[in-house]
Each structure stands twice: as C-alpha cells, then as structure tokens.
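To start, the structure under review is shown below, and the notes come after it.
There are 2 protein chains.
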Amino acid sequence: MMKLYGYWRSSASYRVRIALALKGVEAEHIAVNLREGEQKGGAHISRNAQGFVPVLELEDGTQLTQSLAIMDYLDATFREPALMPADAVLRSKILAASLTIASDISPIQNLSVLNYIKAEHGQDGEGAKKWAAHWITQGFTALEKTAQTYDTPYFMTHEPRFFECCLVPQTYNARRFGVDMDQFPKLKEIDALCCEHPAFIKAAPGNQADATP
Amino acid sequence: MMKLYGYWRSSASYRVRIALALKGVEAEHIAVNLREGEQKGGAHISRNAQGFVPVLELEDGTQLTQSLAIMDYLDATFREPALMPADAVLRSKILAASLTIASDISPIQNLSVLNYIKAEHGQDGEGAKKWAAHWITQGFTALEKTAQTYDTPYFMTHEPRFFECCLVPQTYNARRFGVDMDQFPKLKEIDALCCEHPAFIKAAPGNQADATP
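From first to last, the protein sequence lines are chains A and P.
Take 1 as the starting number for the first sequence in the working numbering and just add one per residue.
Take 1001 as the starting number for the second sequence in the working numbering and just add one per residue.
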C-alpha cells in the first residue's frame, strides 16, 4: 500500500488526502508532527529535501513531493474520476486557479514564513495573523471574481475536482486566520457543498488520527 | 497570433518566454510596466483578476494566467518538443522541482511581498534583499541536493525542459539578490548550459524590447 506522510492540519497534506479520497485510493497515513519539528529531522529530510509534507511513498519506495505534483501523478495513474478535464484550455484555467492558492497564498502564510516574520521582523501573533489574512484575502478576491463568471456549482465544473482539493484546505486556513468568508459568496458556497461530500469528510483535518483538540 | 502580456524582468513572464521559444511558437509580446504599476490598472485587471503577469491571450481572445498553467497549455497544444516526459513518476518529480521554485521561492520574493514587508514591517532595501536571498537559498539548497542524485546534464533530463524554464529565471533573480550560486554547483552548471541555448537567449530579460538599463 502507498504511504502518505502528512500532518492533519497541513493544507498541502489535506489537498492530497482529498484527491486520494475522490479517487477511492487507499494509502497508509503516517503523521509527521510539524508542531514538534519532526519535518526537519533526518528521517523526513531523507524523504523530502525541503522538509515539507506531504510525501507520497509508492509501493516500490519512490517518494513524491509537492501536493500538486502528487495530484498530477494520481490523476495520471488512477484515471477515474479524472481530477482534471481533457480540454487544454479548461485544464489550464483550473490549474491557474489552483496555483493561485498553491503558489500565491499558501506558501506565503506557511509556518516557516510566519516563523521568519516573528523572528526577523519582530511580528507577534497578531502581526502574523494580519499577514496571513492579507494574502488569503488578496488571492480569494481574485478567485471570487473569476468564480462569479461561471454558472457551474463548482469552480468551472459540475463535480468537485482538482481546484476544490485546493480551495477547501485554504478555506479551512482562512477561518483559522479570521478571514470573513462572507466576502467570497461563491467560494463559500463551493466550500459548503464540498464539506458535505464523503471524500472531503474523510480527508478533513479533524477526522485524522493525529488530530489534537 | 497569440499575445503575451509580460514584463522583461518578471521571472514568471521569463518562464513562458522560454517555453514559447523552446516550442518555436511565436507570440506578440506586449509590455506591462510593473515599475509603473500598470499591472494594477483596469486594463490589466480585466485580463487577470490577480493583477499579475504573464497573461497569454489566445487567437480567440481566451486569456490564460499563471506561468505553469500557461506552460501546461502550451505543452498540450504544441506537442514537440515535449516540455514534460510521458512517464507519470518522472513528470511528477519534474513538476515538484518546478513547484519548489514557482510556489516556495518565487511568490515569497515577489514584488508585492517585498513592498508589504517594507511598508508594514519597516524593512529597508537591505532587509528585503536578505528576505529574498533567504527563501532562494532555502529552496535552491533542497533542489541542489536532488539534482546531485542525477547524472543527466539537465535536471533529470537530457534536454532543457519544464524545470529549466523555472530554474533559469530564478537563477537570474538569485544573482540580483546577491545569492552566491557557487553554493549550488549542479544548478549553476544547468543554468550555464541553458544560457548558451538559442531559446533561452531569445527569452532573456536583457533581450526584450521593454528592457531598461
């Protein structure tokens, strides 16, 4: 069986958990405790030189990193349901929206960046929260504008797919950082629909074995 | 003809210029002056709600955003030479390395983040340079470790492809921010090989019509 090294509250791990659950593919979940810095220990660095989660270990021992690259692998290997449409333009647009989250929001409000602005820029918890909320709000404002131009129940699609694997974990983070989701009615609606879906319920942070109160 | 809205020194624009040149696909290059804030003006926001470059406008007027999503479209549409290998594992690894640059380095040292830490965290030019150098060094350290494990002249490949479209612009930025590339001998070697390649020469910032001294 494949192994997924992750952490219950890591949004990148959460993305891959949703993708696996949408595909109906089982993996053994192995917790890497980010709170205790386990991701920077030798064992995890040997899996991923960046010291990040998630890492997907295939049955032959191959280790894959970066959530979107893991999702790309899963989509190429376990075809149904397809996370990405076949049409090159629609695929590019869905990937662009996913990258708005995975490149332009998530890494900037990541733990390592928050630790840096606390240590080097003298920011306190409030400053870190303001920082995270700023980048989430900026990215979500652009995504909401795009989402509004489509009539589909999900983002350009009729089923939750690649983009929703990114949106739901980022919305979870948005709430943690005090971002008011009422500013983004379409994104909020998509998130609410997803949160009733069995794959998203299975993947939710609170439902993982390593979750703490 | 397709139109590429970009800026000579934007690393995301530079990535797409390389991809187009590798494919031998012509596009009309239209400058969006980031120094003068043109990317935040109404004309550009209507092309990309995020107010970022690049935007690739197709012949039918469809506008694509996010450099990696544009490259995905180009690779699906103009097949030869393929920027990505067919093998799902190798493809995932090359995408992961590309995302290390496009998600974990580039957006954090982007103009809007540098402006924020100057305005909100009281950082001066030196603080901004230290910030950028920190994230570039961290990402390149991990990439160098991975690159060292492959004997191929390029990153896991025998020709410059998807990853090199990301590496060369990031190396250009690394030098701007004073990062010593001697720390990353394999990355430096790949960059040097690329910089002799006609496609990379054509795409280089200094060779664009909007370049300034």
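Even glycine gets a Cβ: it sits at the ideal position worked out from N, Cα and C.
Only a predicted model underlies this, so the values are computations on that prediction, with no experimental measurement involved.
Around the C-beta of residue i, are 16 or more other C-beta atoms found within 10 angstroms, so that it is buried, or is it exposed?
i	result
A/V241	Absent from the structure is residue 241 of chain A, since the part of chain A shown begins at 1 and ends at 213.
P/K1040	exposed
P/T1212	exposed
P/P1160	buried
P/R1009	buried
A/T62	exposed
A/D151	exposed
P/M1001	exposed
A/C194	buried
P/G1006	buried
A/Q208	buried
A/D124	exposed
Of all the options the options, which has the alpha carbon lying nearest to the alpha carbon of residue i?
i	options	result
P/N1110	P/L1020, P/P1169, P/D1075	P/P1169
A/A145	A/A49, A/L20, A/K186, A/T212	Looking at the sequence provided, one finds Lys at residue 145 of chain A rather than Ala. That would be A/K186, whose Cα lies nearest to the Cα of A/K145.
P/E1028	P/V1016, P/R1035, P/Q1039, P/E1036	P/V1016
P/G1127	A/Y116, A/I136, A/H134, A/G127	A/Y116
P/G1139	A/G37, A/P107, A/P198, A/A12	A/P107
P/C1165	P/L1004, P/L1056, P/K1093, P/S1098	P/S1098
P/L1090	P/H1158, P/I1030, P/G1006	P/H1158
A/D210	A/I18, A/S112, A/L34	A/L34
A/F162	A/A12, A/L4, A/K3	A/A12
P/L1055	P/Y1014, P/I1136, P/F1200	The question names Leu, but residue 1055 of chain P is Val in the sequence shown. Nearest option by C-alpha distance: P/Y1014.
P/A1031	P/L1020, P/V1053, P/A1021	P/V1053
P/Q1050	A/I136, A/L167, A/A86, A/E189	A/I136
P/S1092	A/A86, A/D75, A/D87	A/D75
P/T1141	P/M1084, P/A1174, P/K1202	P/A1174
A/Y172	A/P205, A/Y154, A/E59	A/P205
I want to verify the contact list: residues of chain P whose CB lies under 7 Å from the CB of residue i, in sequence order.
i	result
A/I117	H1121
A/V113	I1108
Who are the neighbours of residue i on chain A, taking C-beta pairs under 8 Å?
i	result
P/T1077	A88
Inset, instruction - Using a Cβ-Cβ cut-off of less than 7 Å, list which residues of the segment 50-75 of chain A approach chain P; keep chain order. - result: Those residues of the segment 50-75 of chain A that come within reach of chain P (Cβ to Cβ, closer than 7 Å) are Q50, T62, L64, T65, Q66, L68, A69, I70, D72, Y73.
Inset, instruction - Determine contact between the segment 1079-1088 of chain P and the segment 99-108 of chain A, defined as no fewer than three beta-carbon pairs at a distance below 8 Å. - result: Output reads no: the segment 99-108 of chain A does not touch the segment 1079-1088 of chain P.
Inset, instruction - Using a Cβ-Cβ cut-off of less than 7 Å, list which residues of the segment 1186-1213 of chain P approach chain A; keep chain order. - result: None of the residues of the segment 1186-1213 of chain P has a beta carbon lying less than 7 Å from any beta carbon of chain A.
Legend entry - Contacting positions in the segment 1090-1111 of chain P - beta carbon closer than 9 Å to chain A: Identification of residues in the segment 1090-1111 of chain P having a C-beta nearer than 9 Å to some C-beta of chain A yields R1091, S1092, K1093, I1094, L1095, A1096, A1097, S1098, L1099, T1100, A1102, S1103, D1104, I1105, S1106, P1107, I1108, N1110, given in sequence order.
Legend entry - Proximal residues, the segment 1137-1148 of chain P versus chain A, C-beta separation under 7 Å: Within the segment 1137-1148 of chain P, the qualifying residues are A1142, K1145, T1146.
Inset, instruction - Please confirm if the segment 68-77 of chain A is in contact with the segment 27-46 of chain A, defined as three or more CB-CB distances below 8 Å between the two stretches. - result: Using a Cβ-Cβ distance cut-off of 8 Å, the segment 68-77 of chain A and the segment 27-46 of chain A are not in contact, since fewer than three pairs of beta carbons, one from each stretch, lie closer than that value.
Legend entry - Inter-stretch contact at 8 Å, needing at least 3 Cβ pairs: the segment 1121-1140 of chain P / the segment 1176-1191 of chain P: By the Cβ test, the segment 1121-1140 of chain P is in contact with the segment 1176-1191 of chain P, since at least three Cβ pairs between them sit closer than 8 Å.
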